[in-house]
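Residue numbers (this note's numbering): 194 to 584.
Glycine included, every Cβ here is placed at the ideal spot set by N, Cα and C.
From a predicted model like this one, the values you see are computed outputs, not experimental measurements.
First the structure, in the form of structure tokens, and then the observations on it.
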């Protein structure tokens with residue numbers, strides 16, 4: 194495997210675990226006897242863990258290095274997500290949600306920083322493709338989860354099998370990871386213990402957070418939306434996550450050349466507009482097929498805006514790249530994980546359709562701030578000669 198392919202697999206492996214777990218949320222809801230708002234509180238605990246992982250883990254990641262961090266974070270997140278369904282009640286699962294969130298936040302920093310450094314070595318963009326591997330893993334695991342639910346396979350057995358797959362495959366792939374060199378123009382300072390966003394980073398935070406809110410609404414609530422609004426079979430209900438994940442994966446895997454040709458800002462404007470159209474389709478759907486199409490359109494729109502903001506944050510030179518990426522990740526993933534719980538309260542008290550309408554104003558605000566995406570080239574002056582793409 195090429196060095197950056199191993200970094201891609203970090204995204205893929207975590208997506209397998211997270212996707213399997215989130216795809217079975219309707220079963221977890223029933224197992225624990227939770228209302229939407231109560232399930233939202235559990236997801237908020239996961240969000241808090243992610244925020245802590247993003248806030249406090251930068252210094253530890255630099256000390257451990259890319260390979261050991263991959264082992265710790267990927268295996269840690271997969272293990273604790275697999276343990277949650279085995280808990281006898283929701284209160285007993287709360288600590289596991291939090292710990293799983295910590296590992297998930299730390300994984301995000303490690304994978305994005307290494308991807309950015311490999312971009313500098315290669316001389317062309319791969320950030321969108323890296324996140325495409327997350328989406329591809331999510332799509333595959335969501336499709337499997339839909340079949341598992343239809344076949345009445347328990348959530349406990351399902352998540353355990355995914356854990357075993359991640360442990361075996363990760364042990365093989367992660368063993369060959371080596372730290373990529375820092376960019377030549379990287380900030381020379383050391384990472385602080387806590388990473389917070391600066392004023393200059395805040396516009397990027399909102400631009401990156403808007404599609405993640407739409408993604409969280411699609412991933413976390415689509416199965417419940419399809420069940421409650423259309424009373425479909427479990428397999429059809431699970432197709433919302435599958436369709437969304439497939440289209441976002443296709444978009445991300447093919448978007449890097451488009452960004453190199455047309456520059457980040459016009460691509461982001463187009464994708465945010467497509468996202469808004471997809472969300473409105475879901476909110477107004479009168480038939481399951483229309484809703485599934487809306488999830489697919491939303492997936493295309495959500496595909497590459499967040500990877501674009503990660504690249505822009507990593508290339509800022511006002512402080513170490515890991516700190517900027519961690520600070521951006523704090524804000525955006527707080528929205529990604531805390532947004533769906535808030536949308537759950539909206540769904541419980543107003544109706545689940547209105548939870549999708551609530552995403553539209555955030556997308557509109559992000560459109561106004563897309564100037565924060567600089568049209569910078571992938572290669573950085575002073576880097577080693579870029580490696581030409583193959584195939």
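What residue range does the alpha helix (DSSP H) around residue i cover?
i	result
residue 274	251-276
residue 213	196-216
residue 324	320-343
residue 550	545-550
residue 500	498-507
residue 511	Segment: none, residue 511 is in no alpha helix (DSSP H) and carries neither H nor E.
residue 488	481-495
residue 553	553-560
Is DSSP giving residue i helix, strand or coil here?
i	result
residue 291	helix
residue 458	helix
residue 538	helix
residue 418	helix
residue 360	helix
residue 308	helix
residue 426	coil
residue 283	helix
residue 224	helix
residue 240	helix
residue 230	helix
residue 396	helix
residue 566	coil
Give the single residue among the options whose Cα lies nearest to the Cα of residue i.
i	options	result
residue 479	258, 316, 419, 538	419
residue 469	411, 234, 260	411
residue 515	225, 251, 237	251
residue 336	506, 235, 431	431
residue 403	364, 392, 462, 237	462
residue 249	552, 299, 274	299
residue 464	351, 526, 496	496
residue 389	275, 517, 559, 359	517
residue 407	220, 532, 211	532
residue 397	534, 363, 457	457
residue 561	198, 227, 503, 459	459
residue 319	201, 492, 498	201
residue 236	552, 550, 534	534
residue 553	433, 405, 267	405
residue 467	522, 276, 557	557
residue 523	409, 226, 301	301
residue 367	550, 194, 286	194
residue 316	502, 450, 550, 226	450
residue 551	217, 499, 477	477
Quick check: the Cα distance between residue i and residue j, rounded to an integer number of angstroms?
i	j	result
residue 229	residue 545	10 Å
residue 542	residue 414	15 Å
residue 311	residue 555	32 Å
residue 270	residue 566	31 Å
residue 505	residue 564	11 Å
residue 293	residue 213	14 Å
residue 321	residue 422	33 Å
residue 215	residue 240	13 Å
residue 262	residue 425	41 Å
residue 454	residue 370	31 Å
residue 442	residue 327	8 Å
residue 284	residue 356	23 Å
residue 448	residue 525	21 Å
residue 361	residue 393	42 Å
residue 520	residue 509	12 Å
residue 221	residue 272	17 Å
residue 346	residue 512	49 Å
residue 259	residue 245	19 Å
residue 353	residue 233	23 Å
residue 227	residue 305	35 Å
Once you ignore the five residues that flank residue i on each side, which residues in its own chain have a CB closer than 8 Å to its CB?
i	result
residue 489	436, 437, 439, 440, 471
residue 224	278, 348
residue 265	257, 296, 299
residue 375	310, 514
residue 330	204, 205, 206, 207, 208, 209, 212
residue 303	203, 254, 259, 262, 263, 266
residue 358	209
For residue i, which residues from the same chain have a beta carbon less than 6 Å from its beta carbon, with the 5 sequence-adjacent residues on both sides left out?
i	result
residue 548	536, 539, 540
residue 428	339, 343
residue 242	291, 294, 295
residue 341	351
residue 559	399, 400, 403, 465
residue 507	309, 514, 518
residue 445	321, 324, 325, 328, 496, 497
residue 333	none
residue 307	200, 259, 373
residue 287	238
Excluding the 5 residues flanking residue i on each side, which residues of the same chain have their C-beta closer than 7 Å to its C-beta?
i	result
residue 474	483, 486, 487, 490
residue 219	416, 417, 420
Is residue i close to chain B? Criterion is C-beta to C-beta, closer than 8 Å.
i	result
residue 441	You won't find chain B in this structure, because it holds only one protein chain.
Looking at residue i and the ligand PLP, is the gap between the Cβ and the nearest heavy atom below 7 Å?
i	result
residue 294	This structure does not include the ligand PLP; it has no bound ligands of any sort.
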